[in-house]
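Residue numbers (full-length UniProt numbering): 1 to 596.
Just so it is clear, CB atoms sit at the ideal spot from N, CA and C, and this is done for glycine as well.
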Amino acid sequence: DIDSLWSCFGNFSIQSVIFFSLHVYIFLYSQKMRGEVHSHLEESIRPYIDLIDTLRSVGIHKDLALPTIVVIGDQSSGKSSVLEALSGVALPRGNGIVTRCPLELRLKKVPGVNWKAVLTYDKKKIEFSDPSLVEEHVAAAQNELAGKGVGIRDELITLEVMSPDVCDLTLIDLPGIARVPVEGQPEDIGKQIKRLIMKYIKKHETINLVVVPCNTDIATTEALKMAQEVDPEGIRTVAILTKPDLIDKGTEKTVLAIVHNKVIPLRKGYIMVKCRGQQQINDDIPLEEAAQMERDFFQNHDYFRCLLKEDNATIKSLAVKLTQDLVDHIEKSLPQLQEQIKKQLWSVKKALKDCEDGPPEDLEGAKEFLIKTLNGFNEEIKSLSSGEPMTEKNMFAQLRAEFKKWNDYLNSTKTSCEYIFTFKNENYRGMELPGFMNYRMFQKILLSGHCGDECFQNYHVLQNTTKDKINNIQLTQLEKAEQRISEQFKMENRIYTQDPIFLKILSEITNETFSEKELPIVVQRMADQLPLMITFYMLQETAQLLTIDTMKLLEKPDVHELLSEDSDVSKRRKDLRARLNRLTSATKAISIFFND
Numbered sequence: 001d002i003d004s005l006w007s008c009f010g011n012f013s014i015q016s017v018i019f020f021s022l023h024v025y026i027f028l029y030s031q032k033m034r035g036e037v038h039s040h041l042e043e044s045i046r047p048y049i050d051l052i053d054t055l056r057s058v059g060i061h062k063d064l065a066l067p068t069i070v071v072i073g074d075q076s077s078g079k080s081s082v083l084e085a086l087s088g089v090a091l092p093r094g095n096g097i098v099t100r101c102p103l104e105l106r107l108k109k110v111p112g113v114n115w116k117a118v119l120t121y122d123k124k125k126i127e128f129s130d131p132s133l134v135e136e137h138v139a140a141a142q143n144e145l146a147g148k149g150v151g152i153r154d155e156l157i158t159l160e161v162m163s164p165d166v167c168d169l170t171l172i173d174l175p176g177i178a179r180v181p182v183e184g185q186p187e188d189i190g191k192q193i194k195r196l197i198m199k200y201i202k203k204h205e206t207i208n209l210v211v212v213p214c215n216t217d218i219a220t221t222e223a224l225k226m227a228q229e230v231d232p233e234g235i236r237t238v239a240i241l242t243k244p245d246l247i248d249k250g251t252e253k254t255v256l257a258i259v260h261n262k263v264i265p266l267r268k269g270y271i272m273v274k275c276r277g278q279q280q281i282n283d284d285i286p287l288e289e290a291a292q293m294e295r296d297f298f299q300n301h302d303y304f305r306c307l308l309k310e311d312n313a314t315i316k317s318l319a320v321k322l323t324q325d326l327v328d329h330i331e332k333s334l335p336q337l338q339e340q341i342k343k344q345l346w347s348v349k350k351a352l353k354d355c356e357d358g359p360p361e362d363l364e365g366a367k368e369f370l371i372k373t374l375n376g377f378n379e380e381i382k383s384l385s386s387g388e389p390m391t392e393k394n395m396f397a398q399l400r401a402e403f404k405k406w407n408d409y410l411n412s413t414k415t416s417c418e419y420i421f422t423f424k425n426e427n428y429r430g431m432e433l434p435g436f437m438n439y440r441m442f443q444k445i446l447l448s449g450h451c452g453d454e455c456f457q458n459y460h461v462l463q464n465t466t467k468d469k470i471n472n473i474q475l476t477q478l479e480k481a482e483q484r485i486s487e488q489f490k491m492e493n494r495i496y497t498q499d500p501i502f503l504k505i506l507s508e509i510t511n512e513t514f515s516e517k518e519l520p521i522v523v524q525r526m527a528d529q530l531p532l533m534i535t536f537y538m539l540q541e542t543a544q545l546l547t548i549d550t551m552k553l554l555e556k557p558d559v560h561e562l563l564s565e566d567s568d569v570s571k572r573r574k575d576l577r578a579r580l581n582r583l584t585s586a587t588k589a590i591s592i593f594f595n596d
């Protein structure tokens, strides 16, 4: 109460009391202002991180590199301890490779809510509200993706943690670098891990967070060497020095020189942290208590206490630095990212148009698609059979060339009429007459070789079914055409014409010369009749029969089987559609971000 408080200042002058009170007021006001500034910073930071999280959730990282922080380090570098301290949850621990899949850690500071988390992987989503279950769920996800044991996979696991006690930050933890395989590990496990790490750290959009123990020679650590390989100037690399309590006495100044960027310069610098040791973990020391113990360690250290004032020490300083680095990185990358998304969206739309629409998955839609496809085929058949110039290699132009050969043969032959028209030689049947033996060419340029391949090129079942129908119809029509041609040759043994010109000639000639004069009439008639029969039976009538027969395919129960596609075309279209959805969602997310 007031009396008790006043009694505390009984031996002080009123000036001293006023001076002390003023300092207390200034302190409380500054704390209030710091809280408001911090709250304002959180409000400005969160949208940037949420945007990138959203873009990664829709899968845009499969198309474009996103601004992100990846955590790398040699085995036993203290990487897991750092992540635990940042997230406030216990992650899988053990000997050898503990992180076996990339783990995206999304930390969201949400005031006034109870702790909760969401684990997402391989289209699965697990929500839980007990922090002690994190290790179990992450380990189970890794076992499911990478198998039980010591193998690694590059499938991403996402752990989203929402709590009032975490910082706003997203980073990706990668497997620790292994040099020598242990029992059960592949011989090339080291190369596998380095390949996975390199996939992330080589991207210019990535901030490389390298974890290095203080009690090792920093220049020899594999993680830092890999970071230097892809970022030789240290522009996008930040290093965390761990285990400062384990350094040898007398090496403190050397370590301090490293932190002060005097040994291996990094643009983003170094931060030293002291996380829970194994003994503290065994003793179940809470993370909150460990954070206070960390601060006490630096406060009481003869050499490292200066790092507190410089904000180059403690997990808290690390969290603030990483958050600001990430947000700055996102802000700088956004214009280029937005432009890349626009370009890819345009490119994918064009590729999909070139790839044509595939059949819908629902039955009604598939039937409508089949009707449209068959109608397109029948229109092609109609155009070809009517002689429309559909292609550069017009079919009727090719047929006329063949028919001309037949006409030329008839005009130039010295064979007697009797030999040709008695039609006794079975080697000269139907369309395989002398001067007209290239019937295989007709089969090639007729319907089967053109429309089926063009209209159904992506649907092999439909294509094969239609080709069978074409072959069956053509065989039937071939028999009819051969029969009619044979009958025509037999009729030509009779002398008959109503052509006035030829009748005049016939009336002027004698019986002795009649058979010789008759030949031009027959030749002209055969030159016309045979092409007419072929085009009628093998083209026009075939087209009509084929049109009717193909539409009967609509009566088949399994429409999807008829429309089953070539695997490469189907896969390409599926991939393009997935990309289109990702890019469209990304465009919408960025638009909302800038409009807000």
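Item, Value
"For Glu476, three-class secondary structure by DSSP", "Here residue 476 turns out to be Thr, not Glu, going by the sequence shown. Helix, per DSSP."
"Limits of the beta strand (DSSP E) - the one that Ala117 falls within", "Lys116 to Tyr121"
"Span of the beta strand (DSSP E), counted from its first residue to its last, around Ile157", "Ile157 to Ser163"
"Inter-residue Cα distance where the pair is Ser81 and Gln336", "35 Å"
"Thr587 (DSSP reduced to helix, strand or coil)", "helix"
"Alpha-carbon spacing of Ala481 relative to Asn464, whole angstroms", "25 Å"
"Where Asn407 falls, given that 16 or more other Cβ within 10 Å makes a residue buried", "buried"
"Segment contact, 8 Å Cβ cut-off, at least three pairs: the region 44 to 62 with the region 137 to 144", "no"
"Reference Glu127, options Lys116, Glu136, Pro111 and Leu363, closest by Cα", "Lys116"
"contact_flag[the region 572 to 590, the region 469 to 486] where n(CB pairs < 8 Å) is 3 or more", "no"
"Beta-carbon proximity list for Glu222, same chain, < 6 Å, skipping 5 on both sides", "Asp74 and Ile177"
"Limits of the beta strand (DSSP E) - the one that Gly73 falls within", "Thr68 to Gly73"
"CB of Pro213 within 7 Å of CB of Thr251, strictly", "no"
"Helix, strand or coil at Gly63 according to DSSP, with G and I counted as helix", "The question names Gly, but residue 63 in the sequence shown is Asp. Correct three-state label for Asp63: coil."
"Chain-order list of residues whose beta-carbon lies under 8 Å from that of Ile371 (same chain, five-residue window excluded)", "Leu554"
"Beta-ladder partner(s) of Asp173, from DSSP", "Val71 and Leu103"
"Own chain, CB closer than 8 Å to Leu196, minus 5 neighbours either side, in chain order", "Pro102, Ile152, Asp154, Leu174 and Pro175"
"Contact the region 219 to 235 vs the region 264 to 272: 3+ CB pairs below 8 Å", "yes"
"Given Lys148 as reference, the closest of Asn300, Gly112 and Thr99 once Cα atoms are compared", "Thr99"
"Distance between Lys404 and Phe436 (C-alpha atoms, nearest Å)", "Note that Phe436 has pLDDT 46, beneath the 50 cutoff, so the model's placement of it is unreliable and the number below is only indicative. C-alpha separation (whole angstroms): 10 Å."
"Leu241 in three-state terms, based on DSSP", "strand"
"Counted within 10 angstroms of its Cβ, other Cβ atoms place Glu205 as buried (16 or more) or exposed", "buried"
"Neighbourhood of Pro92 by C-beta distance below 8 Å, restricted to the same chain and skipping five residues each side", "Ser80, Val98, Thr99, Glu135, Val138, Ala139 and Gln142"
"Residues that DSSP places opposite Thr206 in a beta bridge", "Thr68"
"Phe297 - DSSP class collapsed to helix/strand/coil", "helix"
"Alpha-carbon spacing of Glu544 relative to Tyr459, whole angstroms", "Before going on, a small fix: residue 544 reads as Gln here, not Glu. Rounded to whole angstroms, Gln544 to Tyr459 spans 23 Å at the Cα level."
"Status (buried if at least 16 other CB within 10 Å, exposed otherwise) for Asn208", "buried"
"Beta-carbon proximity check, Val327 vs Ile45, cutoff 7 Å", "yes"
"Residue interval of the beta strand (DSSP E) (run including Glu222)", "Run containing Glu222: none in the beta strand (DSSP E); it sits in the alpha helix (DSSP H), Glu222 to Val230."
"Candidates Gly234, Phe298 and Cys455, of which the one nearest Gly376 by Cα", "Cys455"
"Spatial neighbours of Arg295 in its chain, beta-carbon cut-off 7 Å, leaving aside the 5 residues before and after", "Thr314"
"Spatial distance of Leu352 from Lys343 (CA atoms)", "14 Å"
"Three or more C-beta pairs below 8 Å linking the region 185 to 194 and the region 105 to 124", "no"
"Alpha-carbon spacing of Thr220 relative to Ile72, whole angstroms", "15 Å"
"Residue environment, Ile201, which counts as buried when at least 16 other CB atoms sit within 10 Å", "buried"
"Distance, Lys469 Cα to Leu462 Cα", "11 Å"
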